[in-house]
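Some notes on the structure that comes next.
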Amino acid sequence: MLSRVPDLSPERRRETLADLRASLSAGHPGATPEAFTPASERLVRSGLSELDNALGGGFPRGVIVTLEGPQGSGRSSVLGRLLATATAGGGLAALIEAPAGPDGALYPPSLAAAGVDLARLLVVPVCDTPGVARAVDVVLRAAAFGVIAIPAVALPATAWTRLAGLTHRTGALLIALGETASDELRYFASVRVRLQPQRVRWAGGSGPFCALAESDVTATILKHKRAAPGKIARIACTTFECAGPPLVALRERVLDAPSMQRFVRRTVVAV
Amino acid sequence: MPIVCALVPSYKVEIARHFEPRLRARPLIVADRLERGHVIAVDDKAFLRGARTGMTLVQAGACVPRAAVAVDDPGRNRALWERILDALDAASPLVEDAAEGTALLEMRGIPGSHERWLTSVRTALASDGAFAGLTFALALAENKFVARTAARVRDGSIVRPGEERAFLAPLSLYALDLDERVVERLRLLGIKTLGELASLPHGPFVRRFGPPSARWHAYAGGVDDEPVIPRPRRLVIDGALYGEGTAEREEQLLFALRSLVARVAGDVASAGKRCGFLRLRIECEDGERLELPTLLAQATSQAGTMFDLLRAKLEGITLRSPVVGLLLGAERLEEGGTEFSLFAGNDPDPDVVAIALARLEAALGPRHALRATIVPGHRYETRVAYEPFSTQSLASPHVRPAPPAPKDDATLVYRMLERRAVEVLLAHGVPAAVEGRTVVDVAGPWRIDEGWWSEALDGVAAAHASDAYDVLLQDGALYRIVCERKRWWLVGAFD
């Protein structure tokens, strides 16, 4: 009905939706107001415009999302943006991690540089897969954490069924990070994003006078239950250690070429 | 009004030596921390060699090269001092906690003579072996200032009524704990003792040195009207459930617990209080006793919140035999009802978060619900500290800081990997391959050489020297590797 009125202002649209809700709840007691909530309220925006556009506006709430890719692919950088979004508005986020696992633990100062409010980030260190399941179950049941990150561990389908149900009920965004996702996780994830490093830029000369400046990665939407998959987004990840102006990249290493040994030297690439 | 002062001279130094007797052999410096620490107390030997409170540890170490350094532990100091105050309760009903290391006891109405009062305080202090070995200085006088000063001058001093002024007269101005600049100003006026200060006319002296000097003048004359302020008593409201059969199943136990919690919460509310800490004791048929201390996120008198937290705590516990008794104590009582904020907005409910934290603790054990903080340090791994996650700071500040300007790029996040030895192939002195994977780019080394001074200062070997490199491998992995004593370690990855 709304699509037939192209020049509807946002205020008018909100009023119409409110009227619709009122009339429906009067006439149909079973109708839920959530069905008429504008879609933007149910999204967690990463703030990375290309990635958000590829996802149809952002990561949907109430689902399981996987960020897959090898180390150095930028999955933690995307996670950092989502944790920053969750904590910026006064909300809470949870980070369940296995410090002794292959992916280690996220470094809090780099998260703080990404904009995460560390006071609002619950860190739960666990040592095994059942520990991850137990911790995420408790955190999800609290319904107080907007974004919850876990390692992409191999859990049985029954566990993922329960976690998917809890995630949907609480409206949280459950993010699983790993090199690959297990078959069960691939099935229960509503959104799967594959990240791949493309190029790395360095600043300065060589040796101790050289520093990592930024890394470009691509994010491919492998699966999306509510939007078209297959889209690709390019993301630039800058170093967290630069307190002043961004480092000026002086040389770069392209990683997507067939030969990894190709070395491109440029004069100046402004960041 | 006879007052006994029980004083532990140089409390922090005494406590450090009490817990580490080996420190008695050398001059002692107590610092707030080892790394970039500052001196907070020194013993007489270190003082004579020039070490002073407020110096950096390096400065103090230069003054007293052979001094031992102890790191202050405020929690431990406080716990022991509370225990000392508890022991002093046996000597007088009115005990003031003037400062850590200084207690004042009012002896009015207690039968006995001056000497017997001092003896009774000494007996009370000897009753607990936990602080045996600590040196106490006791003194008795008619007011707080004179009693405290007499305890500093000599253990066992008794200043009888009317003798205060004469007792204080020869003492130095430092007895008033004055600022060094004030002492210097008074010295320039020819005033060096309390007697000389007391003989000055009150009005002109106060006009010249400002309102605080009225108190100095009164003290110098042996006058201190301030009464003894009793320390707050720890009030506990508790309830017990015994002799009503046994609870064999979880539902029975929870049913009994629910009624007990309702009763205790009702008592707390009736007293107009809120409780911040619960202590549940469970007694089983086979004699097993289990104690569950539970910290509440915010003080409350709501039975539902208390019960949810205790139930979450019980989730991680298996009992071997039926439960025969429950005892629940509500501690850390505060005045007033539940506090609501007008500015809460969409803030998370602290009670809900507290229950989740209790459940995490029950499911995974302690130290599994943490909050990261950033601390000063030279190496990545020393810049992070973790503390228990608390709900105290969840309330929004009244004025929210402006959100950061949106950026279209992400921040490269570092991952701390479990440190493991790796094989690194060098070419021209820089890494060329890590574990057989070719290095295509490298930055570094960044050299860190720290902690070598710790051994000289306190005999603890904490030296660390390493060269760190960032390497880009052919498969796109960005690692941080470090070389320590010719061994290579993989410590982190940029992701």
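Heads up: the protein sequence lines correspond to chains A and B, in order. Positions in the first sequence are counted from 1; adding 535 to them yields the working numbering. Positions in the second sequence are counted from 1; adding 17 to them yields the working numbering. Beta carbons are placed, not taken as given, at the ideal position from N, Cα and C, and that holds for glycine. This one's a predicted model, so the numbers in the text were calculated from it and none came from an experiment.
Practice task
Using a Cβ cut-off of 9 Å (strictly closer), state whether His395(B) contacts chain A.
Solution key: So no, His395(B) is outside the interface.
Practice task
Could you tell me whether the Cβ of Lys511(B) comes closer than 9 Å to any Cβ of chain A?
Solution key: Before going on, a small fix: residue 511(B) reads as Phe here, not Lys. Taking Cβ atoms only, chain A reaches closer than 9 Å to Phe511(B), which makes this a yes.
Exercise for the section: With a 10 Å radius around its C-beta and 16 neighbouring C-beta atoms as the bar for buried, classify Pro448(B) as buried or exposed. Expected result: By the neighbour-count definition (other C-beta atoms within 10 Å, threshold 16), Pro448(B) is a buried residue.
Exercise for the section: Just mark Gly207(B) as buried or exposed, buried being the case when its beta carbon has 16 or more other beta carbons within 10 Å. Expected result: Under this definition Gly207(B) is an exposed residue.
Handout entry: Backbone CA spacing between Val535(A) and Ala699(A) [nearest angstrom]
Key = Nothing in the structure corresponds to residue 535(A), since chain A is present only between 536 and 806.
Problem - Test: Arg547(A) CB closer than 9 Å to a CB of chain B - result: Not one chain B Cβ lies under 9 Å of Arg547(A).
Practice task
For chain B, find out if any of its Cβ atoms is closer than 9 Å to the Cβ of Pro573(A); answer yes or no.
Solution key: Its pLDDT being 45, under 50, Pro573(A) is placed unreliably in this model, and the coordinates cannot settle the point.
Exercise for the section: For chain A, find out if any of its Cβ atoms is closer than 9 Å to the Cβ of Met433(B); answer yes or no. Expected result: Interface residue, yes.
Practice task
Since I believe Val728(A) is in contact with Leu602(A) (beta carbons under 8 Å), could you give me their beta-carbon distance rounded to a whole number of angstroms?
Solution key: Between Val728(A) and Leu602(A) the Cβ distance is about 5 Å, and since that is below 8 Å, they are a contact.
Problem - Candidates Thr70(B), Lys290(B), Ala257(B), Ala288(B): closest to Val278(B) by CA position - result: If we check each option's Cα against that of Val278(B), Ala257(B) comes out closest.
Handout entry: Partners in chain B for Gly615(A), counting only beta-carbon separations shorter than 8 Å
Key = Within 8 Å Cβ-Cβ: Ala427, Thr428, Val430.
Handout entry: Lys330(B) at chain A interface by Cβ criterion, 9 Å
Key = No, Lys330(B) does not count as interfacial toward chain A.
Practice task
Look at the Cβ atom of Asp638(A), then the Cβ atom of Leu434(B), and state whether they are nearer than 9 Å.
Solution key: A contact, by the Cβ cut-off of 9 Å.
Exercise for the section: Please list the residues of the region 484–501 of chain B that have a C-beta atom closer than 9 Å to any C-beta atom in chain A, keeping them in chain order. Expected result: Answer set for the region 484–501 of chain B: Asp487, Leu489, Leu490, Gln491, Asp492, Gly493, Ala494, Leu495, Tyr496.
Problem - Interface flag, His415(B) vs chain A, CB-CB below 9 Å - result: The pLDDT assigned to His415(B) is 49, lower than 50, so where the model puts this residue is not dependable; a value taken from the coordinates is nonetheless given after this. Taking Cβ atoms only, chain A never reaches closer than 9 Å to His415(B), which makes this a no.
Exercise for the section: My understanding is that Leu212(B) touches Pro187(B), with C-beta atoms under 8 Å, so please give their C-beta distance in whole angstroms. Expected result: Inspection of the sequence shows that residue 212(B) is occupied by Gly rather than by Leu. For a cut-off of 8 Å, the C-beta gap from Gly212(B) to Pro187(B) is around 6 Å, short enough to register as a contact.
Exercise for the section: Establish whether the CB of Arg388(B) and some CB of chain A are separated by less than 9 Å. Expected result: Between Arg388(B) and chain A, the shortest Cβ-Cβ separation is below 9 Å.
Exercise for the section: Assess, as a yes-or-no matter, whether the region 496–509 of chain B is touched by the region 438–445 of chain B under the definition of 3 or more beta carbon pairs within less than 8 Å. Expected result: Touching, yes, given that three or more Cβ pairs across the two stretches are closer than 8 Å.
Practice task
Might you give, ordered along the chain, the residues of its own chain that have their beta carbon closer than 6 Å to the beta carbon of Asp554(A), omitting 5 neighbours on each side?
Solution key: Correct list: empty, nothing qualifies.
Practice task
Step through the CB atoms of chain A and report whether any lies within less than 9 Å of the CB of Arg4(B).
Solution key: Because chain B in this structure spans residues 18 to 512, residue 4(B) falls outside the shown range and cannot be described.
Practice task
Quick one: using the 10 Å Cβ neighbour count with 16 as the cut-off for buried, is Tyr191(B) buried or exposed?
Solution key: Only exposed fits Tyr191(B), as fewer than 16 other CB atoms lie within 10 angstroms of its CB.
Handout entry: Other residues of its chain near Arg549(A): CB distance less than 7 Å, five sequence neighbours each side excluded
Key = Around Arg549(A): no qualifying Cβ.
Handout entry: Proximal residues of chain A, C-beta to C-beta of Trp463(B) below 7 Å
Key = By Cβ distance, chain A contributes Pro743.
Handout entry: Given Thr774(A) as reference, the closest of Gly607(A), Ala589(A), Asn588(A) once Cα atoms are compared
Key = Distance check between Thr774(A) and each of Gly607(A), Ala589(A), Asn588(A) places Gly607(A) closest, using alpha-carbon atoms only.
Problem - Cβ shell of Gly150(B) (< 7 Å), same chain only, five flanking positions each side left out - result: Within the same chain, Gly150(B) has close Cβ partners His35.
Handout entry: Alpha carbon of Ala679(A) to alpha carbon of Gly626(A), nearest angstrom
Key = C-alpha separation (whole angstroms): 8 Å.
Practice task
Using the DSSP secondary-structure output, state which residues sit across from Gln731(A) in a beta bridge.
Solution key: Partner(s): Thr753(A).
Practice task
Taking 9 Å as the cut-off, decide whether the C-beta atoms of Trp737(A) and Ala79(B) are in contact.
Solution key: It is not a contact, given that the beta carbons lie outside the stated cut-off.
Exercise for the section: Sort Ala107(B), Arg497(B), Glu348(B) by Cα distance to Thr140(B) and report the nearest one. Expected result: When only C-alpha atoms are compared, the closest one is Ala107(B).
Handout entry: Complete runs of the beta strand (DSSP E) confined to the region 113–145 of chain B [at least 3 residues]
Key = Taking only runs of at least 3 residues, the beta strand (DSSP E) segments lying wholly in the region 113–145 of chain B are 119–123.
Exercise for the section: Tell me the start and end of each unbroken beta strand (DSSP E) in the region 445–470 of chain B that is at least 3 residues and wholly inside, in chain order. Expected result: For the region 445–470 of chain B, whole beta strand (DSSP E) runs of length 3 or above, ordered along the chain, are 447–451, 454–467.
Problem - Own chain partners of Ala510(B) with C-beta closer than 8 Å, once the 5 adjacent residues on each side are dropped - result: Once the five neighbours on either side are set aside, the close Cβ partners of Ala510(B) are Tyr431, Arg432, Leu434, Ala494, Leu495, Tyr496, Arg497.
Practice task
On the DSSP bridge assignment, give the partners of Thr390(B) in chain order.
Solution key: Ala402(B).
Practice task
Please name the residues in the region 755–779 of chain A whose beta-carbon is closer than 7 Å to at least one beta-carbon of chain B, in chain order.
Solution key: Of all residues in the region 755–779 of chain A, Ile770, Ala771, Cys772, Thr773, Thr774, Phe775 have a Cβ within less than 7 Å of some Cβ in chain B.
Problem - Interface flag, Gly666(A) vs chain B, CB-CB below 9 Å - result: It does: the Cβ of Gly666(A) has a partner Cβ on chain B nearer than 9 Å.
Practice task
Measure the C-alpha to C-alpha separation of Pro228(B) and Arg171(B) and round it to an integer number of angstroms.
Solution key: The alpha-carbon atoms of Pro228(B) and Arg171(B) are separated by roughly 31 Å.
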